[in-house]
Each structure stands twice: as structure tokens, then as C-alpha cells.
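See structure below.
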Amino acid sequence: MKVLVVGSGGREHSLCWAIAKSRKCRKLFAAPGNPGMAQVADCVPISVDDHEAIVEFCREKGIDFVVVGPEAPLVEGLVDKLEAAEIKAFGPNSRAAILEGSKGFMKDLCARFDIPTADYRRFDEPDAAKEYIHLHDVPLVVKADGLAAGKGVIICRNKNEAHAAIDHVMTELAFGEQAGAEVVIEAFLEGEEASFFALVDGEHAVPMVAAQDHKQVFDGDEGPNTGGMGAYSPAPVVDQAMTDRIMDEIINPTVKGMVAEGRPFKGVLFAGLMITGDGPKLIEHNVRFGDPECQVLMLRLKSDILEALLACAEGRLHKIKLKWHDDAALAVVMATNGYPEAYEKGSVIRGLDKAKAIKHAVVFHAGTDRVDDDLVAVGGRVLGVCALAPSVAKAKTIAYRAVDKVDWPGGFCRRDIGWRAIRKR
Ligand code: AMP
Ligand code: GLY
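Every letter in the sequence shown is one number past the one before it in this note's numbering, and letter 357, counting from 1, is 1059.
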């Protein structure tokens, strides 16, 4: 079949890499894609926001199946438009993507369906939000309601910080008008974070595996938050018993809740969890694969990903069982100097062939472009250097061996990806 992957990040490169191996895939396209994806797919210069052009392209080329990578086009209704044009797609429609598009909706769903999460209140007015803060203990977490590119969450250690956070989101509209129209204020959860993924076909959910990422930019989990500087799977905190609890207490009630709301969810449900002394608690739901988590999942997946994604879209997931490598996978993100603050575009990257020649290493592209004969960095997060090996520690050694072959003075990476899994427990 002819498949189109929408997006241009490391997540979408790893999806293309896995889909290209499927016996069902006859021809693969990516919109807009990147130079790494171009090795396995035909890249077409259509932006992920240009829904009309995507639908038109699918009609023209007779695309059988579209896999949508990022959250923004899902929340904005790309799948609705594809389905209206009778083009099959992987990912939720906009009614279901509200699970990620509105933190307030997600929290209310948890309250209605008894899904464990931090205690919270929603406010559409700053004075009422500030009053609430006076009556509650710190630390507290202030969150912009809408999509804020992973930056709309402010952890407040004292009441002054919480006041400033409310002003930042609601008055200064730091994340835009829509994201700042409402805030969620919630209790701070203590524990270890994990990213849990399940495929959902509307009614049934099939667990994938868990991963852990490193959100902060510097070693030792210091510095500002980023989209994720590295990831690994399996996550030691999510063993089989914990997986069963997460499915029973969080994933299955969410799937049922969305049906009851008249918003059946299809696609991948990515639960951002805090594993607390009291069991798993939901921090947030995302309606797409994580990045870089997707890269390590694709390395570990043994089953045909295209068959699984199709089963999701066609409502026949109950017939699917996913098989995984026992080996661990680890991804090190290489980013442009300065990220996540302002950075310059256009620095030249060399040495990728040497990195890819390392046995069991795979390099996924995120923010790269080709200018004449050079590969250049055009994004914050630029490469995902990954490895698959019998343990997280071994995968780490191989991934950094490959990182060290990359000749890119304009970029940097953390050197401690995987520390939580590798330390003695
Ligand atoms: P989110 O965008 O909701 O995933 O939040 C970003 C990060 O903020 C999470 O990965 C957590 O590290 C942190 N966070 C969010 N909510 C809470 C909470 N209630 N308690 C503790 N940490 C949180
Ligand atoms: N790595 C976290 C995310 O994709 O949201």
C-alpha cells in the first residue's frame, strides 16, 4: 500500500524507518519529511498545517493510509479532513485529540471516571486562581490549558512564584491567547516519571512498552525543560505488575470514558505518568507518540508497525499482539548550541556515515536540512543517535560511541542519558 507520514521530526523518521520494513508498504511518502526520512521515503514539501494540500496530495497519489506524527495537526482536525475525504488515517480526530488539546478536559475526564491524577481546579479568571493559591499548600503546579509546545507547565515552590505563573499565562499570555484563557492548578506529585504508550482503536487498547525521557537540557537533570534530550526503554519502574495497573487504572478507563463522552479515541495514547508510592498517577495524556520515546520504541518493536497502526484505524486491535525485543534501546538527542533558548540555524554536520557504521547504532534525523552538498542543522533538536543492546548500560555505550563520531561543533548533547535505569537500585 501507499503510505504518507506527516511530520519532520525524529519521531517521524523512526516511524518511516519502521514502516519501510513492513511487507505491506509498497511506497512511502513523507510531508514535509527531512533528509534522513528521504533515505526511505519520497519527501514532499507540504507543511503539516496545510491540511487542504495534504488531502489533495493523498487524492492525487492514491494514498491508502496516512500516519500523522505531531499533535498540532491532530488537535486542528487533519484526521477529520482525511476521513471526510475517505482517506484512512492513524491518529485521533479533533474531538478525541482534545485529551491533549485541553488539560482541563483531561482533568475533568479523570474526575468523572476515577482515573488517578493530581488534585486540581480549573480557572478562567486570574483573581480566582490567586485566591485558590492562598488556601493551598505549595509546591503547586500551574498549567496553561491549551497546547503550549511543552512549555505551559510551571512548577511553583512558593506562593509568589504561583502568582507570577498565573500572570505569565493569563495576563501576559506568554503561550498565546488560546492557551492562556484558562489555567489548571494542581498538586505537586512526588515520584519517578515514565512515558507509557498504548495503541487504541476506539474500544480496545493494546499496551506497547514504557520509556523514560530526560526533559531537562543539562546533565543531572538540570536547566530548563526541553522537548526531551534522550530516552530509553524498558523503564525499570514499569514492570509487568505496574503495566497491568496502568492499563486497569488509567488507560482502559480513559478509553471507556472517551466512548462515554461520545469522543472515541483512535491512535496512540501516550500517558505521561508519575509512579508514586501510591501507584501510577496521570500527569497528562498526549495523543501521539513521544519524541524521542518513539525512536526507542521503534527500535524495540519486532512486530510489523504498519499492520498495528492499520488495525488501530480499522477497529480490529483485539486481533493484534505486539512483539518486542528483550533488548533495551536508548536515544541520545543532539541539539543545536543554545537550545532550548535562541539558537542559530545552518551549522554543518559531518561524520554521520561513521556514526551509522557503528554496529547496532541507528541515527534518526529531526531538525536537519540539505544545503548543496552539506547536511545542516535547522532545528533545536537535530539528531537522535540510538542503539539497541542487551541492557540500557550497553545501549548507552554504543549510542555515545556513535555520538562521538558525529563532527558537529555547532551542537551538543547530554552525556548521562539513562542514568536512572543504570544506577544501582
Ligand atoms: P506536562 O507538560 O503536563 O507533561 O508537564 C511537564 C512536566 O512538568 C512533567 O513532565 C513533569 O515533570 C512536571 N509536572 C507536571 N505536572 C506535575 C505535577 N502535578 N507534579 C509534579 N510534576 C509535574
Ligand atoms: N518527550 C516528551 C514528549 O514527546 O512529549
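Cβ atoms here follow ideal geometry from the backbone N, Cα and C, with glycine treated the same way.
For this session: Classify Lys-1134 as buried or exposed, calling it buried when 16 or more other Cβ atoms lie within 10 Å of its own Cβ.
Result: Absent from the model: residue 1134. The displayed extent of the chain is 703 to 1127, so no value can be given.
Exercise. Among all residues, which have a Cβ less than 5 Å from at least one non-hydrogen atom of the ligand GLY, and in what chain order do they fall?
Worked result: Asp-915, Gly-930, Gly-992, Asp-993
For this session: Could you have a look at Cys-812 and say whether DSSP puts it in helix, strand or coil?
Result: helix
Exercise. For the ligand AMP, is there a heavy atom less than 8 Å away from the beta-carbon of Glu-863?
Worked result: no
Exercise. To which residues of the same chain is Ile-765 closer than 6 Å at the C-beta, ignoring the five residues directly before and after it?
Worked result: The beta carbon of Ile-765 is closer than 6 Å to those of Lys-704, Leu-706 in its chain, skipping five residues each way along the sequence.
Exercise. Is there at least one non-hydrogen atom of the ligand AMP closer than 8 Å to the beta-carbon of Ala-820?
Worked result: At least one heavy atom of the ligand AMP falls within 8 Å of the beta-carbon of Ala-820.
Exercise. Can you name, in chain order, every residue of its own chain whose Cβ lies under 7 Å from the Cβ of Val-886, other than the five neighbours on each side?
Worked result: Lys-805, Gly-806, Lys-809, Tyr-822, Arg-824, Lys-845, Asp-847
Exercise. Secondary structure at Pro-994, three-state DSSP: helix, strand or coil?
Worked result: coil
Exercise. What's the call for Leu-842, buried or exposed, on a 16-neighbour Cβ count within 10 Å?
Worked result: Sixteen is the threshold: when 16 or more other Cβ atoms of the shown chains lie within 10 Å of the Cβ of Leu-842, as they do, the residue is buried.
Exercise. Going along the chain, which residues of its own chain have a beta-carbon closer than 8 Å to the beta-carbon of Leu-811, five neighbours each way excluded?
Worked result: Setting aside the 5 residues that flank it on each side, Leu-811 is surrounded in the same chain by Leu-801, Ile-817, Thr-956, Gly-959, Met-960, Glu-963, each with a C-beta closer than 8 Å to its C-beta; the list follows chain order.
Problem set entry | Enclosing alpha helix (DSSP H) for Asp-1118 [first to last residue] | From DSSP, Asp-1118 is part of no alpha helix (DSSP H); its letter is neither H nor E.
For this session: Could you give the DSSP three-state label for Phe-967: helix, strand or coil?
Result: coil
For this session: May I ask you to report which of helix, strand or coil DSSP gives His-836?
Result: helix
Problem set entry | Straight-line Cα distance separating Ala-867 from Ile-856 | 7 Å
Exercise. What residues in its chain sit with their C-beta under 7 Å from that of Ser-710, if we drop five residues either side in the sequence?
Worked result: Within the same chain, Ser-710 has close Cβ partners Pro-734, Gly-735, Asn-736.
Problem set entry | Helix, strand or coil at Ser-716 [DSSP, three-state] | Here DSSP, grouped into helix, strand and coil, assigns Ser-716 to helix.
Exercise. Do you know how far the Cα of Ala-813 is from the Cα of Pro-828?
Worked result: 23 Å
For this session: Take the Cβ of Lys-1098 as the centre, count every other Cβ of all protein chains shown within 10 Å, and call the residue buried at 16 or more, exposed below.
Result: buried
Problem set entry | Whole-Å CB distance - Val-1094 paired with Met-1036, under 8 Å assumed | Not a contact, Cβ separation roughly 19 Å.
For this session: Would you please state the rounded distance, in angstroms, between the beta carbons of Pro-982 and Arg-947? I believe it to be under 8 Å.
Result: That pair is a contact at about 6 Å.
Exercise. Residue ranges of each alpha helix (DSSP H) run of no fewer than 4 residues wholly in the region 713-775, ordered along the chain?
Worked result: 753-763
Problem set entry | Proximity below 9 Å, CB of Arg-1014 to CB of Phe-792 | Strictly speaking, residue 1014 in this sequence is Cys, with Arg absent from that position. The Cβ atoms of Cys-1014 and Phe-792 lie closer than 9 Å to each other.
For this session: Check whether the Cβ atoms of Arg-1083 and Thr-928 sit closer than 9 Å, and answer yes or no.
Result: With contacts defined by Cβ atoms closer than 9 Å, Arg-1083 and Thr-928 form a contacting pair.
Problem set entry | Close Cβ partners of Ala-743 (< 8 Å) along its chain, the five nearest in sequence each way excluded | Val-707, Cys-718, Ala-722, Leu-730, Phe-731, Ala-732, Gly-735
For this session: Tell me Asn-988's beta-bridge partners as DSSP assigns them.
Result: Phe-972
Exercise. In chain order, what residues of the same chain have a beta carbon less than 8 Å from the beta carbon of Ala-785, not counting five sequence neighbours either side?
Worked result: It is Glu, not Ala, that sits at residue 785 in the sequence shown. If we look at Glu-785 and ignore the five residues flanking it on each side, its Cβ neighbours are Ala-791, Asn-795.
Exercise. For Leu-811, is the beta carbon positioned less than 8 Å from some heavy atom of the ligand AMP?
Worked result: no
Problem set entry | Cβ separation of Gly-904 and Pro-994, assumed to be a contact under 8 Å, to the nearest whole Å | 28 Å between Cβ atoms; not a contact.
For this session: Examine the ligand AMP and report whether any of its heavy atoms sits within less than 8 Å of the Cβ of Glu-895.
Result: Yes.
Problem set entry | Three-pair Cβ contact test at 8 Å for the region 1074-1081 versus the region 1015-1024 | no
Problem set entry | Proximity below 9 Å, CB of Gly-893 to CB of Met-976 | Taking 9 Å as the Cβ cut-off, Gly-893 and Met-976 qualify as a contacting pair.
Problem set entry | Buried/exposed call for Ala-907, threshold 16 Cβ in 10 Å | buried
Problem set entry | Euclidean distance between Cα positions of Ala-1123 and Ala-774 | Rounded to the nearest whole angstrom, the CA to CA distance from Ala-1123 to Ala-774 is 32 Å.
For this session: Label Glu-924 either buried or exposed according to how many other C-beta atoms from any shown protein chain fall within 10 Å of its C-beta, with 16 as the threshold for buried.
Result: exposed
For this session: Mind listing, in chain order, the continuous alpha helix (DSSP H) runs of no fewer than 4 residues lying wholly within the region 1021-1064?
Result: 1054-1058
For this session: Would you decide whether Lys-783 is buried or exposed? Buried here means 16 or more other CB atoms lie within 10 Å of its CB.
Result: buried
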